[in-house]
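Enquirer: Once you've had a glance at the structure underneath, I'll fire off some questions.
Number of protein chains: 8
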Amino acid sequence: MNKQELMELLKSVASGDTLVEDAALKLKMQPFVEIGDYAKVDFHRGIRQGVPEVIYGAGKTKEHILDISRAMLSNGQKSVLITRLCPEAAAFIKKELPLDYNELSKTGVIGPLPEPDGKGTVVVATGGTSDIPVAEEAAVTAEVLGNSVTRLYDVGVSGIHRLLSHMEDIMSARVIVAVAGMEGALPSVIGGLADCPVIAVPTSVGYGASLGGVAALLSMLNSCASGVSVVNIDNGFGAGYMASMINHLE
Amino acid sequence: MNKQELMELLKSVASGDTLVEDAALKLKMQPFVEIGDYAKVDFHRGIRQGVPEVIYGAGKTKEHILDISRAMLSNGQKSVLITRLCPEAAAFIKKELPLDYNELSKTGVIGPLPEPDGKGTVVVATGGTSDIPVAEEAAVTAEVLGNSVTRLYDVGVSGIHRLLSHMEDIMSARVIVAVAGMEGALPSVIGGLADCPVIAVPTSVGYGASLGGVAALLSMLNSCASGVSVVNIDNGFGAGYMASMINHLE
Amino acid sequence: MNKQELMELLKSVASGDTLVEDAALKLKMQPFVEIGDYAKVDFHRGIRQGVPEVIYGAGKTKEHILDISRAMLSNGQKSVLITRLCPEAAAFIKKELPLDYNELSKTGVIGPLPEPDGKGTVVVATGGTSDIPVAEEAAVTAEVLGNSVTRLYDVGVSGIHRLLSHMEDIMSARVIVAVAGMEGALPSVIGGLADCPVIAVPTSVGYGASLGGVAALLSMLNSCASGVSVVNIDNGFGAGYMASMINHLE
Amino acid sequence: MNKQELMELLKSVASGDTLVEDAALKLKMQPFVEIGDYAKVDFHRGIRQGVPEVIYGAGKTKEHILDISRAMLSNGQKSVLITRLCPEAAAFIKKELPLDYNELSKTGVIGPLPEPDGKGTVVVATGGTSDIPVAEEAAVTAEVLGNSVTRLYDVGVSGIHRLLSHMEDIMSARVIVAVAGMEGALPSVIGGLADCPVIAVPTSVGYGASLGGVAALLSMLNSCASGVSVVNIDNGFGAGYMASMINHLE
Amino acid sequence: MNKQELMELLKSVASGDTLVEDAALKLKMQPFVEIGDYAKVDFHRGIRQGVPEVIYGAGKTKEHILDISRAMLSNGQKSVLITRLCPEAAAFIKKELPLDYNELSKTGVIGPLPEPDGKGTVVVATGGTSDIPVAEEAAVTAEVLGNSVTRLYDVGVSGIHRLLSHMEDIMSARVIVAVAGMEGALPSVIGGLADCPVIAVPTSVGYGASLGGVAALLSMLNSCASGVSVVNIDNGFGAGYMASMINHLE
Amino acid sequence: MNKQELMELLKSVASGDTLVEDAALKLKMQPFVEIGDYAKVDFHRGIRQGVPEVIYGAGKTKEHILDISRAMLSNGQKSVLITRLCPEAAAFIKKELPLDYNELSKTGVIGPLPEPDGKGTVVVATGGTSDIPVAEEAAVTAEVLGNSVTRLYDVGVSGIHRLLSHMEDIMSARVIVAVAGMEGALPSVIGGLADCPVIAVPTSVGYGASLGGVAALLSMLNSCASGVSVVNIDNGFGAGYMASMINHLE
Amino acid sequence: MNKQELMELLKSVASGDTLVEDAALKLKMQPFVEIGDYAKVDFHRGIRQGVPEVIYGAGKTKEHILDISRAMLSNGQKSVLITRLCPEAAAFIKKELPLDYNELSKTGVIGPLPEPDGKGTVVVATGGTSDIPVAEEAAVTAEVLGNSVTRLYDVGVSGIHRLLSHMEDIMSARVIVAVAGMEGALPSVIGGLADCPVIAVPTSVGYGASLGGVAALLSMLNSCASGVSVVNIDNGFGAGYMASMINHLE
Amino acid sequence: MNKQELMELLKSVASGDTLVEDAALKLKMQPFVEIGDYAKVDFHRGIRQGVPEVIYGAGKTKEHILDISRAMLSNGQKSVLITRLCPEAAAFIKKELPLDYNELSKTGVIGPLPEPDGKGTVVVATGGTSDIPVAEEAAVTAEVLGNSVTRLYDVGVSGIHRLLSHMEDIMSARVIVAVAGMEGALPSVIGGLADCPVIAVPTSVGYGASLGGVAALLSMLNSCASGVSVVNIDNGFGAGYMASMINHLE
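Below, the structure is given as C-alpha cells:
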C-alpha cells in the first residue's frame, strides 16, 4: 500500500464507506513498501501508533541507512531510531539529517523524542558498569517509543545492598528491564522483589566460562523467580521494545 | 511473619496506627513462613492479590504436597494450583482434598477457579499436537490466576493457513503465549502478526537435532519479530504466570 | 587421464572399439589430473555435462587460482566459477582473464554464462537483507550451472504477508533455496506452502544466541515441513549446486 | 474445507464456473479439516496427488491414531502410512484395520502399496547394520509414496570395496538416501561417486563421542562432496519423502 | 607400607632414630596398601590426622564396600564415611556393621562422629528444597570430618529476605558451602555478604535449559563476587571436604 | 555512607555511644559510595581490613581508571591494585600516579606493597610457561593483599619429576594456586600430594580441542583429588583473592 | 570371494601360477562375504594373519551373533571375540558354543586364546577402579589378538606414588593403553614417563561436569605429553586393537 | 642433571661402577635443566636417542626461542626442530643460526636432518589442499625425527579414486598419518584399506558447522575402522611424533 492508497483508505473511513475495523485490518495486512531493491520498509506501525520507526543499523551501509531514514521521514514519520549505528555511519548521516547520536549505546535518533505516553515507568537496571551499553540501548529504545525511564546501574547481586537501596524504584515500576552479564543473577533477585513483569537481558560481558553471554542467558532462563522472561544476548532493543509494548497496554 | 503478626499488622492498619503504604511494604519485605522443616511458604502474594497459591510438585513427596496444600488452605487461600503433579500423588491428595486433576498438563487445582479479572484475553497457541501438555500448563495457570484463555492448538508454521484462519483471535489478544518444539518458529510468525506481547515457550518435543528443546529455544531467542520474550523449555507455568501478570496490569 | 588419452578414448568409441557405457564408466572412474603439485583438478564433469568448472577460492593464493583457471580453460572449459573470492584476488585475476566479479556474493565468473537448460525455475529466497550475500552465492552458482533463477529477498516470517504476496513464484518453482539466519524459520514456512523440494541454507547472520548460525541450522534440521533438507551454514554454493542438480533431472 | 465443500468446488470446476487454476489455488490455501479436538488433518496432498497420507505416530495414543486413520480412509484415501508406530499400538490398530506392520522400521501401512510412478530408482544405502531401521523407514516411506527402491545395506566406508562393488546401482540411481551413524562419511563418498542428488541421514547409532548422532550430523553437513543435503538425525521419513519428491519431478 | 612397617617407623621416631619430619614425609610418600585386587586404600590421612576414612560408594558392589570398610576399621580407623551409598547396599552393610544411614543424602557413617575440632563453623546453605540432598552430603561430610555445621536451607535469591534474615549466621561463618541449582545465583549473593571463603556447589536440579546443572555451574564460575570457588555438579562431598580442610587450618 | 558519616560513626564508637559490633555491621551493610555516574566504589573492605582496593581494568577507559584510583587514594587507601590493565592505560596513569606496572600479568599497583600478614605461604604453580601470565595475576594479587608467595612455574604433569623435585614447597604451603591450560591435570596431581586447599585455575592456553580453556576447566572440575575447587578460566585474580582469604583465616 | 574361490586362489599360488604378492592384494581387495541378509563378514584378516575375528555385539540379536559366530568358525577361524555382549546373549550362545564369558568387560571368547606372538608387552593402566570394565575390554582384546598383557589398575594421578611404584612396568612396555574417566590425566603423566606409544581411552565414569566422558576425552586430546593418541569414550576394544597392531609391527 | 654430572655418570658406567640399567633409569628420572627463569629444558631424549630436540614456538618471544636453541646446541644437540614458528621470529633467528624455515608448515630446523633410521615408511595423507600446512608439520616432524616420509596430498573421500590410485603406498606403509578437515572421513577409509596403525589429525579447515575442526574430530573418534587413533585438532607435530615413535619400535 503506497501513500496515495493510504489516503484513499482513510478518506473512505472518514466518509463512512469503510468501517474503522476493516481499515485497521487492511493496514495490518499490507504493512510494507519496497525502497530501492534492498529493503522492504514497514510503515504501518508508525502510522497507526504515532511512534517512531526503527532501523537496525548493523550490516547496512551508511548510504542505505540514510536512504531508509529519508524515506521514512518523507512518509510522515516524525522520529526515526537507528540501533547498532557505528560512529562512522553516524558522522555520515549527521551531515545530512539532524541526528542525535549516543556513542555509548550506539543508537541514533532523528527528530524529536515523543512525549511519554506509557502508563507507568520503565526501570532499566544493570548488574555492573560493563552492562551499561546494552542497558542504554534498551533505555533509549523505550524513551523513543514514548516511555518514562528510570536507570538503576551497577546494582549487581554481589553487593545486594546497592539494589535494596532502590526498593522504591523497583516497587513502583510498571515493567523492569534487568541487564546482566557473567552470572546473570540480577533478574532473579529483582523478580523476587518486584510485582511487575521483568524482561531479562543477558550480556556478553565477561570472559572464559561466560561463553560470550551464554552463561548469563542460561542463568536467566532458569530463574526461580516467577514473572521473568528473556531476550537474546545483548538485545537491549528487544527488551526496550517489549517493555514499551507492556507499558502501553491499556 | 506468622498469622498472628499478620492480624496485628492489619488491625494496626485498620486503627490508623500504621499507614497502608507501610503495611504493604512490610508484607512485601517479610514474605514467608516455615512449614515443617522442609519448606518456606510465601503467603504474601495471595493475601495481597487474592489469587491462588502455587506448589511446584516435581521432586516433592505426596505427603509434603498435601501438608503444604493444607497449610495454604488453612491460611485463608481459596484455591491452590499444583504443577508437575504426577498421577500417583494426585490420587493420594484427592482422597483428602477436593482436587481437580488434569492428567494432560499434570496440573491440579484445589478449590474453585476465580472469576477472570484480567483486562483482556490470554491466547495460548501451539505449533503441533505434541506441544499441548505444555500449553495446557500455561493455560490452566493463567485460568487459575484469573484470566480468560483462548486456545489455538496445532497451528504450526508449516501450514501457515491454519494460523491465518485465526487472525481475529490473534488481533484481539492482550497477551499471547506461543508454544512450540522442533524448529520453534511459531512465536516469530505470531510476533509479526500481533500487536501485543508474545511469551515464547520452547518444548522438548522432537528428536535428534532438537537437542531436548534447545533448538526451539535458540530459535525463539533469535526471533526477528519484536515484542517476543522467552521462558525456559517446557515452562508452561512460567509463561502462564508472566501472561497473567501482564494481563492484570492496570 | 590426460587430454590425449581422452581423445584416444573418444576415437575408440567413435570407431566402435569401445562401448559408450564402458567409456562413460572409465571417465567417471578416473576423474582427475594433477596441476602443479598443489591440486588435483576434476575435469570429467565439464567434459561430460558441458557445465562450468568450479574453484573454491578460500585459502588459495591468487596465483594458484589463476593457474587452475588457466588450466581449466586450456582443457576446453568455456566458463569457470570461482567462489569465496576476495576482492584483492579478483583484481589480480582480472588483469589476466575476463573475470566478471560480484563483490556482494564474492563470486567470479570467467567466460560466458551458459543458456539456462534446467527444466524449471530455481527460486532463491531470504529472510532478511543480511542474508543476501549467501543467497547471491547460491543464485550465481545456479545461473552459472545453467538455471533460470528468481530472487525473493527479505521475505522473512516475522512479516508473513511479504512472503504470501509471492505465492505464485513459490507455487511455480521446481526447486527452492531458502536462506535465513537468526531463527531460520523461512524454510519451514515455504516448505509448508510449496509442492517442490526446498534446500535450506542457514546463515551466520545474527548475534548472541545465534551462535554463528547454529541456531538457524538446528531450526532448519527440525523443520516440521516435509520436503526440506539442509546444507552447511553460509553454504550458498552447495545449495545452488544441489538445486541445479535437481532442476536438471530428466 | 470439508468433503461436501470439496465436492461443490469440483462440480463448479466441472461446470466451468470456476477456473482450474483458481480451484487448485483454493485447495492449496485451505488444506486442513479438524478431527475431534486433537488434530487438524491435511487432505489436500492426497486428493491432489493421489498418494497416501502420513501419520506421525510418536506421542499419539493408539486410539487417536486409529481415529485419524479411519477419518483419512473415509475421506477417500486408499493407503495410510504410519511412522514411529510402537508394536502395542500396531497390535491395537490391526484388530480394526488391515495394517501391514514392519517391526524393524516401526512403520505401518494400511491399504495397498501404490504402483511405482516415480521417474527412476531411489537407492537407500547404509554404513552399517545398525543403521538399517532408519534406512527402512526411508525405504518404506519412498515405496508408499510410489517409488521403486533399491537397498544397499552395510556398505560403510571402512570397507570401501563393499561400496564399490555396487557402483552400477549408484550410477543408475535418480536420487540416493545415504544413512550412517558414527563418523557419517558414507554420503561424502557416495556424493563423490554419483551424479544424482544425495540425501544424507545421520543416525544416533554409536556411543561416547557420537553424541547421539551429532557427530554424524556435523560430518554430513561438512561433506566436501557437492550435491549432498542433510535431514535430522534418524529422520528416515523426511529423507524418503524428499527423495520421492525429487523422484517425481517431471 | 603395611601396618608392621608403620609400627616400626613410629618406634624409630619414638627412639629418636628417625626425625619427626622424616617420618611425616615418609608417610605422605607411601600412602596406600592394596585390599584384595580391586582397590588401593589410602590410610595415611586417617593415621596422620585422626579423621575418618571415606569410601565413594557409587559403582562399587555392596560386598566390596563391606570389605573395604572392614579393612579400614581393622587398621585402626574409628569411623568410616560412605558416600553415594544406595539403600540396598546400606541394608546389606547394616547387618554386619553399625552403620548410621541417611537416606536423603545417601551417606552412611560407621562408628562415632568425632568431636568437632574445626576452628569455626561451616555454614551449608541451599537455594531451594530440591538442593537439600546435595547439601546434606556436604554437611554430613563436614560433620564426619570434625566440623560444627549450621544449615540454612531454602534461602534462594528470588526471595532475598529469607537469606537476609540469616545475616548473623553468614557473618559468623568461617567457611560457607552454597548449594544451588537452576540459575545458581546463591553463591554470588552470599559471596557479596560474607567475609569468608565460599565453596559453590551447582546441583542438577531443574529442567530444560538447566542442562543437568551446567547452567548453575557456569553461573557460579562467573560469579562477580570475590572469594568464591566451585566444585563439580552435585559434588557435596567435595565441598564438605574442602570446607573442612579450610576450617581446620591452624 | 560517605566519608563524613564514616567519621561520625567512628567517633561514636570511640565515645562508647555505639558498640563495636554495631558499627562493624553497619559498615558491612552500606559498603559503597558513588563516584561520578559510572561506578559505585566499595570502600568498606579497605577500611576494615587495611588491605588495598582492587580495580578491574578491562572495559574501563583510562580516564575512569585514573578517577577511581584517585578517589580511592583520597579516601585513605594506601595501595590500589589494577588488574587487566592494558599498556596504554598504564602509561597514561603512570604520568599522574606512582604506578608499578607488570606487563606480563597486566597488573598495576599504586602505592607500597603491604607487609605480608597471612598465616603461611601461598604457592602458585603452573603447568607450562604459557600459563605464567595468569599465574602472575594470582601471585601479584596475593602479594598486594598481604601474602608471602612462592612461585613454581613449568612443573606440568607430563614431566612429573619437575613437580616432585619441589615437594617441600608443596608440603609446607598453607594454600596452593594451581594454574594450567590444555589437559589441566596439575591441580589433581598437586591435590593428591598436598595437605592444604588447592585453588585450580584453568587457562585459555592451547588450541583446537582445548576450546578456549573449557577442556582444562572440565578436567579440574572432575578432579579425583579431594580439596580442590575451581575458578573461572584465566581468573588469576579470583584465585589469588580466594587464596589470600584462606591464608588470612585466624 | 567365497570359500571355494579362496581355495582355488591358494592352489594357484601353490602351483606358482599366481604370485604371492598378487594373491595378497586380491585378498585385501575383496574382503567380505554376505551371511544371511543382515551382515557382510570380513574374513581376510583372520586368513591372512591367523588372528581371531571380532563381533561387535551391541545392537545385534543373540540369534544373529550365534549365526555369525558359526559362520566364522566354519570358515576356519580358531577363535572368535565378541564385545559388548550382554549376559543374556552370552547365556544363549553358551548353550551352543564353548563361550568363555567375562561379565566385567562384557566380552566373550569362543575357542582357545592364541599364543602371544607380539614383540613385547602391552600395559593396560587405569586411573580408578570404576575404569576397570573398559580396561578389561582392552586387555581381553589384546590377549585374544595374541599379546602378553600387564594390568596396572587404580594408579590414578591424585595418588601419584601408586603409579611411580610401577615404573619398571611402564619403562619396559612396548605400548601402553591408559584408561581414565573424570579428569583424564593418566595418559599425560604416563606419556611423560614412558618411551613408548600411549593409547588413551576416556571413560564415561563420573557425573556432572564429566559430561559422559567428554571432559576426559578433551583432557586427553590436549595432553601436553608427546606420543599420546586417543580413541572414543569407553572404546576399550579400539585401544586393544590399536595396541596389538603396534605390538605386532615387525 | 647438568652436563658435568652427565659426564661423570657416563664415566662411571664406562668404568663399571654403575650398571647400564641404573644409568638409564637415572637419566629418565631427572630429565630437565633450567634455562634462564622461563623454561625447563628436557635433554634426556636427545642424549639417549640421538634425535633432535623440539621447541614449541607459539607464545614464546623470538629471543627466548633463540636462547633455548643455543642452549640445546651447546648441550650437544645436532639438530633442533621449532614448530609454530612465525615468519618474523624465523627471520630473527636466521640471522644468528643456520635455520631452514618452511613457511607453509611454520616449522624451522637448525642443523642437518638425521639419516632416516625408522623401520619403514611414514605415509602422510590429506583430504584436501587446505590441510597441507598441518600435514607438512607432521611430515617435517617425522623427517627430523629420522623417518622416511611419503606424502599423499589431496586424496579426499569425495573423489575416492584419487586415494585408490595410491593403494601401493598405503599397503606398504608402516604407519599412516591421515589429515583432514570438514567431514574428517579420510582416516576411516584409509583405516579400512591399510594393515598398519593410522594416526588421525583433524584440521580446523572449513566453516560453519565445522566448528573449528570439532566436526572432523568427532568424526575421527567415531571411526568404524579399527586401528585408528586421534590427536588434537591441527596437531601435526603430535601425529608426526607418534608416527615416528611407532616407526622406530624395534
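Protein chains in written order, with the numbering used here: chain U, 1 to 250; chain D, 251 to 500; chain C, 501 to 750; chain P, 751 to 1000; chain A, 1001 to 1250; chain R, 1251 to 1500; chain L, 1501 to 1750; chain Z, 1751 to 2000.
Note that beta-carbon positions come from the ideal geometry of N, C-alpha and C, so glycine has one too.
For clarity, every value in this text was computed on a predicted model and none was experimentally measured.
Rounded to a whole number of angstroms, what is the C-alpha to C-alpha distance between U/Gly120 and D/Ile449?
Expert: In the first sequence, counting from the first residue as 1, residue 120 of chain U sits at position 120. In the second sequence, counting from the first residue as 1, residue 449 of chain D sits at position 199. Those two C-alpha atoms are separated by around 21 Å.
Enquirer: Can you pull the chain P residues whose beta carbon is under 9 Å from the beta carbon of Z/Glu1933, in chain order?
Expert: In the eighth sequence, counting from the first residue as 1, residue 1933 of chain Z sits at position 183. Correct list: Glu933, Gly934, Ala935, Pro937, Ser938, Leu968, Ser969, Met970, Leu971, Asn972, Ser973, Cys974, Ala975.
Enquirer: If I'm right that C/Ile582 touches C/Thr607 with Cβ under 8 Å, what's the distance once you round it to whole angstroms?
Expert: In the third sequence, counting from the first residue as 1, residue 582 of chain C sits at position 82. In the third sequence, counting from the first residue as 1, residue 607 of chain C sits at position 107. Right, the Cβ-Cβ distance comes to about 7 Å (below 8 Å), so this counts as a contact.
Enquirer: Helix, strand or coil for L/Gly1620, going by three-state DSSP, please let me know.
Expert: Against the seventh sequence, residue 1620 of chain L aligns to sequence position 120. Reduced to three states, the DSSP call for L/Gly1620 is coil.
Enquirer: Count the other CB atoms, across all protein chains shown, that sit within 10 Å of the CB of C/Glu750; report buried if there are 16 or more and exposed otherwise.
Expert: As a working note, residue 750 of chain C is residue 250 in the third sequence. When all chains shown are included, C/Glu750 counts as exposed.
Enquirer: Which residues bound the alpha helix (DSSP H) around C/Glu750?
Expert: Reading the third sequence from its first residue, position 250 is the one you call residue 750 of chain C. It is not in any alpha helix (DSSP H) - C/Glu750 carries neither H nor E in the DSSP assignment.
Enquirer: Hey, how far is the Cα of D/Glu365 from the Cα of D/Asn397?
Expert: For this step, residue 365 of chain D is matched to residue 115 along the second sequence. For this step, residue 397 of chain D is matched to residue 147 along the second sequence. Using only the alpha carbons, I get a separation of about 8 Å.
Enquirer: As an exercise, report each continuous beta strand (DSSP E) stretch of at least 3 residues that is fully enclosed by the region 629-711 of chain C, in chain order.
Expert: For the region 629-711 of chain C, whole beta strand (DSSP E) runs of length 3 or above, ordered along the chain, are 648-652, 675-680, 698-702.
Enquirer: Using beta-carbon positions only, say whether C/Val730 and C/Leu721 come within less than 8 Å of one another.
Expert: Here residue 730 of chain C refers to the residue found at position 230 of the third sequence. Here residue 721 of chain C refers to the residue found at position 221 of the third sequence. Result yes, Cβ atoms of C/Val730 and C/Leu721 sit closer than 8 Å.
Enquirer: Which residue from R/Val1373, R/Tyr1491, R/Ala1435, R/Pro1383 puts its Cα closest to that of R/Glu1418?
Expert: Along the sixth sequence, one-based indexing puts residue 1418 of chain R at 168. The option with the nearest alpha carbon to R/Glu1418 is R/Val1373.
Enquirer: Within this structure, are the beta carbons of P/Ala888 and P/Gly990 separated by less than 8 Å?
Expert: On the fourth sequence, position 138 is the one that residue 888 of chain P refers to. On the fourth sequence, position 240 is the one that residue 990 of chain P refers to. A contact, by the Cβ cut-off of 8 Å.
Enquirer: Let me confirm a value: U/Leu104 is counted as buried when at least 16 other C-beta atoms fall within 10 Å, else exposed. Which label applies?
Expert: Within the first sequence, residue 104 of chain U is the residue found at index 104, counting from 1. Exposed: under 16 other Cβ atoms inside 10 Å.
Enquirer: Taking contact to mean 3 or more Cβ pairs, one atom from each stretch, closer than 8 Å, check whether the region 1330-1350 of chain R and the region 1438-1458 of chain R are in contact.
Expert: Touching, no.
Enquirer: Is the Cβ of Z/Ser1979 closer than 8 Å to any Cβ of chain L?
Expert: The residue you call residue 1979 of chain Z lines up with position 229 of the eighth sequence. Closer than 8 Å: yes.
Enquirer: Does the beta-carbon of C/Val644 have 16 or more other beta-carbons within 10 angstroms, so that it is buried, or is it exposed?
Expert: By one-based count along the third sequence, residue 644 of chain C stands at place 144. So C/Val644 ends up on the buried side.
Enquirer: So, for Z/Ile1785: in the same chain, excluding its five sequence neighbours on each side, which residues have a beta-carbon less than 8 Å away from its beta-carbon?
Expert: Along the eighth sequence, read from residue 1 onward, the residue named residue 1785 of chain Z stands at position 35. Here Z/Ile1785 scores only 47 on pLDDT, less than 50, and its place in the model should not be relied on; the value that follows carries that caveat. Excluding sequence neighbours, Z/Ile1785 sits near Val1791, Asp1817, Ile1818, Ala1821.
Enquirer: For U/Met242, return the contacting residues in chain D, with the cut-off set at a CB-CB distance below 7 Å.
Expert: In the first sequence, residue 242 of chain U corresponds to position 242, counting from 1. In chain order: Pro447, Gly477, Ser479.
Enquirer: Below 6 Å CB to CB, which residues in the same chain sit around A/Leu1099 once its five sequence neighbours on both sides are set aside?
Expert: In the fifth sequence, residue 1099 of chain A corresponds to position 99, counting from 1. Counting only Cβ-Cβ distances below 6 Å, and skipping sequence neighbours, we find Ile1093, Gly1108, Ile1110.
Enquirer: Between L/Ile1690 and the rest of its own chain, which residues show a CB-CB distance below 7 Å, the 5 nearest in sequence each way excluded?
Expert: As a first step, residue 1690 of chain L must be located in the seventh sequence, where it is residue number 190. Closer than 7 Å at Cβ, skipping near neighbours: Ala1625, Ile1670, Ile1676, Ala1678, Val1698.
Enquirer: U/Phe32 CB to nearest chain D CB: under 8 Å?
Expert: On the first sequence, position 32 is the one that residue 32 of chain U refers to. Confidence at U/Phe32 is low in this model, with a pLDDT of 43, below 50, so its placement is unreliable and the value that follows should be read with caution. With 8 Å as the cut-off, U/Phe32 does not count as an interface residue toward chain D.
Enquirer: Could you spell out the range, first to last residue, of the beta strand (DSSP E) harbouring L/Ile1593?
Expert: The count along the seventh sequence starts at 1 and reaches residue 1593 of chain L at position 93. Not the beta strand (DSSP E): L/Ile1593 falls in the alpha helix (DSSP H), residues 1587-1594.
Enquirer: Beta-carbon separation of A/Gly1192 and U/Val155 under 8 Å?
Expert: What you label residue 1192 of chain A is simply residue 192 of the fifth sequence in a count that begins at 1. What you label residue 155 of chain U is simply residue 155 of the first sequence in a count that begins at 1. Taking 8 Å as the Cβ cut-off, A/Gly1192 and U/Val155 do not qualify as a contacting pair.
Enquirer: Taking the Cβ atom as the reference point for each residue, do R/Ala1493 and R/Ala1392 lie within a distance shorter than 8 Å?
Expert: Numbered from its first residue, the sixth sequence carries residue 1493 of chain R at position 243. Numbered from its first residue, the sixth sequence carries residue 1392 of chain R at position 142. Yes, the pair counts as a contact, with Cβ atoms nearer than the cut-off.
Enquirer: Tell me, which residues are paired with C/Asn575 by DSSP?
Expert: By one-based count along the third sequence, residue 575 of chain C stands at place 75. For C/Asn575, which the question treats as bridged, DSSP gives no partner whatsoever.
Enquirer: Using the rule of at least 16 other Cβ atoms within 10 Å of the residue's Cβ for burial, across every protein chain shown, is U/Glu252 buried or exposed?
Expert: Outside the displayed span of chain U (1 to 250) sits residue 252 of chain U, for which this structure offers no information.
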